[in-house]
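Peer 1:
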Amino acid sequence: MMRSQIIGVGRGVPARVVENKEFESFLDTSDEWIRTRTGISARRVCTHETATSLCMESARGALAQAGIGAEELDLIIVSTITPDTVTPSVACTIQKMLGAPRAAAFDISAGCTGFLYAVTVADQFIRSGMYRSVLVVSVDVLSRVTDWSDRSTCVLFGDGSAAVVLRAGERGIGNAYIRSDGDLDGSLTIPGNPIDNPWNHEDARRQTIAMDGRNVFLFAVNHMTDALEHLGQTCPLDEVDWFIPHQANVRIIELVCKNLGIPREKFYINIERYGNTSSASIPIALSEAAEKGLFKTGDRIALVAFGSGFTWGSMLVEWTL
Ligand code: COA
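Numbering follows the numbering used here, with no gaps: position 27 of the sequence shown is 27.
#1: Tell me the rounded alpha-carbon separation between Trp141 and Glu229.
#2: Note down, in chain order, each residue of its chain lying with its Cβ closer than 6 Å to the Cβ of Ala163, except the 5 sequence neighbours on either side.
#3: When DSSP labels each residue in this structure, what does Ser109 get in the three-state scheme?
#4: Look at the Cβ atom of Phe106, then the Cβ atom of Ser89, and state whether they are nearer than 8 Å.
#5: Could you check whether Gly8 and Val165 sit closer than 8 Å to each other, using their CB atoms as the reference points?
#6: In the structure shown, what three-state DSSP assignment does Phe219 receive?
#7: Return the residue from the list Glu72, Arg144, Val45, Met211 that minimises the CA-CA distance to Gly160.
#8: Which class does Ser41 belong to by DSSP, given the choice of helix, strand or coil?
#9: Inspect the beta-carbon positions of Gly39 and Ile271 and report whether they are closer than 8 Å.
#10: In the DSSP output, what is Trp319 paired with across the bridge?
#11: Can you look up Glu19 in the DSSP assignment and give me helix, strand or coil?
#12: Between which two residues does the alpha helix (DSSP H) harbouring Asn259 extend?
#13: At a cut of 8 Å, does the segment 62 to 75 reach the segment 141 to 150 through at least three beta carbon pairs?
#14: Starting from Ser161 and walking both ways along the beta strand (DSSP E), at which residues does that stretch end?
#15: One question on the structure: do Ala176 and Asp226 come within less than 8 Å of each other, judged by their Cβ atoms?
#16: Are the CB atoms of Cys257 and Arg251 nearer to each other than 8 Å?
#17: Exposed or buried, His246, counting other C-beta atoms within 10 Å across all chains shown (16 or more means buried)?
#18: For Thr82, which residues of its own chain have a beta-carbon under 7 Å away from its beta-carbon, when the five flanking residues on both sides are left out?
#19: For Ile253, which of Met315, Cys235, Leu231, Asn222 has the nearest alpha-carbon?
#20: Whole angstroms are fine: how far does the CA of Lys96 sit from the CA of Asn259?
#21: Kindly indicate which residue of His48, Arg35, Asn20 has the alpha-carbon position closest to the one of Glu84.
#22: Could you have a look at Phe243 and say whether DSSP puts it in helix, strand or coil?
#23: According to DSSP, Phe267 sits in a beta bridge with which residue or residues?
#24: Per DSSP, what kind of secondary structure is Phe310 in: helix, strand or coil?
#25: With distances taken between CB atoms, is the gap from Val13 to Ile209 smaller than 8 Å?
#26: Per DSSP, what are the beta-bridge partners of Leu75 in this structure?
#27: Name the two residues that bound the continuous beta strand (DSSP E) containing Gln5.
#28: Which same chain residues end up closer than 6 Å to Asn249 when comparing Cβ atoms and leaving out the 5 residues on each side of it in sequence?
#29: Is there a Cβ from chain B that is less than 8 Å from the Cβ of Ala91?
#30: Could you round the C-beta distance between Ile262 and Leu231 to whole angstroms and report it? I think they count as a contact, below 8 Å.
#31: Please report the residue range of the alpha helix (DSSP H) in which Ala176 lies.
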């Protein structure tokens, strides 16, 4: 059966590093509180960069490693909840900039689970035989929708992007599991534009993140545990070489390890330097770990995420690079 294999990874993150200390000048918070409650020491924040420019950097890196030209791409999927423009999609914009005239291109929105959703969709096109080469890019610029006066949310997030090139092959991605539960939508929201037309005038709201942190924390622990238990039904978790979790709070990750009896050293964690980069968090971690040479060909890597919506999921990747 045709499978999707990762043949290139790349990432693009903003240059500006914002350390916890910088929040102390305008918020009632401390480096100590942020580090001990979340595991975050710093994050990247866009100044001159955009979602599109970060995607371009990620995509170029992934294509270079894959050794293929953009003109070979059949499909480009971007996962994001913070596009530069609602239309055109980020995917169409980078299709033009990369020079990928054959590719179909669209964005998908699945919160922090976006990368797993996007790869799952790409994988279906490859397995069906419809497409051979697909670029998946995840990007979020949450600084665009952050309420910088809300200490309970603004310290958590960062901006970033990462990409993978998938190509039809014999081994690669398996066990994709994506779920959602819209009943839980109220715990984490970012409003869209208000309806303001000649027949209706809604109060204009600032489009910033509102979150019930404790609810989200519980949801995250339970559902990341569920997603890995599901993966464990087809691949015993002690046969997994690496776990790459969505990086939202190190305490969430540690509780998932504890629930499942998995040693913490098997989890690649980089939240300390990036904060929560939403849908970019898993591929940024994947690309960093790959660059450090942590993966061997044939390694089994479990990806696991949760996000707003709510959404959650897991996926097993056999490393083929
Ligand atoms: N600095 C100092 N104090 C802060 C603070 C900050 N940046 N943010 C919140 N606090 C305060 C709260 O106001 C609260 O004060 P109170 O007891 O006087 O009301 C106190 O710290 C404890 O708040 P609590 O919510 O119990 O903290 P917590 O240990 O649950 O940690 C989060 C808060 C947000 C870090 C945690 O709940 C979390 O990570 N939730 C998941 C968020 C997430 O992953 N979102 C993204 C989903 S993709």
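Even for Gly, the Cβ is constructed at its ideal location relative to N, Cα and C.
Peer 2: Taking the structure as given:
#1: The residue asked about is misnamed: residue 141 is Val in this sequence, not Trp. Their backbone Cα atoms lie some 31 Å apart in a straight line.
#2: Taken in chain order, the residues that qualify are Gly10, Ser58, Ala59, Ala62, Val137.
#3: For Ser109, the three-state secondary structure derived from DSSP is coil.
#4: Contact flag set, yes.
#5: Their beta carbons are under 8 Å apart, which means Val165 touches Gly8 by this criterion.
#6: DSSP places Phe219 in helix when its eight states are reduced to three.
#7: The shortest C-alpha separation from Gly160 is found at Val45.
#8: DSSP places Ser41 in the coil class of the three-state scheme, outside both helix and strand.
#9: Closer than 8 Å, so yes.
#10: Residue pairing for Trp319: DSSP places it in no beta bridge.
#11: If DSSP states are grouped into helix, strand and coil, Glu19 belongs with the strands.
#12: Start and end: 250 to 260.
#13: No: fewer than three Cβ pairs fall under 8 Å.
#14: DSSP places Ser161 in the uninterrupted beta strand (DSSP E) bounded by 159 to 169.
#15: With contacts defined as CB atoms closer than 8 Å, Ala176 and Asp226 fail to qualify as a contacting pair.
#16: Their beta carbons are not under 8 Å apart, which means Cys257 does not touch Arg251 by this criterion.
#17: Around the beta-carbon of His246, 16 or more other beta-carbon atoms lie within 10 Å, marking it buried.
#18: So the qualifying residues of the chain are Ala51, Asp140, Val141, Leu142, Arg144, Val145.
#19: The shortest Cα separation from Ile253 among Met315, Cys235, Leu231, Asn222 belongs to Asn222.
#20: About 46 Å.
#21: Here residue 84 is Asp; the residue named in the question, Glu, does not match the sequence. Of His48, Arg35, Asn20, the residue nearest in Cα terms is His48.
#22: The three-state secondary structure of Phe243, taken from DSSP, is strand.
#23: Answer by DSSP bridge pairing, in chain order: Phe243.
#24: DSSP places Phe310 in coil when its eight states are reduced to three.
#25: Going by C-beta atoms, Val13 is not nearer than 8 Å to Ile209.
#26: Leu75 is bridged by DSSP to Ala104, Val134.
#27: For Gln5, the enclosing beta strand (DSSP E) has its first and last residue at 3 to 12.
#28: Thr38, listed in sequence order.
#29: Within the model displayed, chain B is absent; a lone protein chain is all it includes.
#30: No, Ile262 and Leu231 are not in contact; Cβ-Cβ is about 11 Å, not under 8 Å.
#31: Careful: Ala176 lies outside any alpha helix (DSSP H), inside the beta strand (DSSP E) at 173 to 180.
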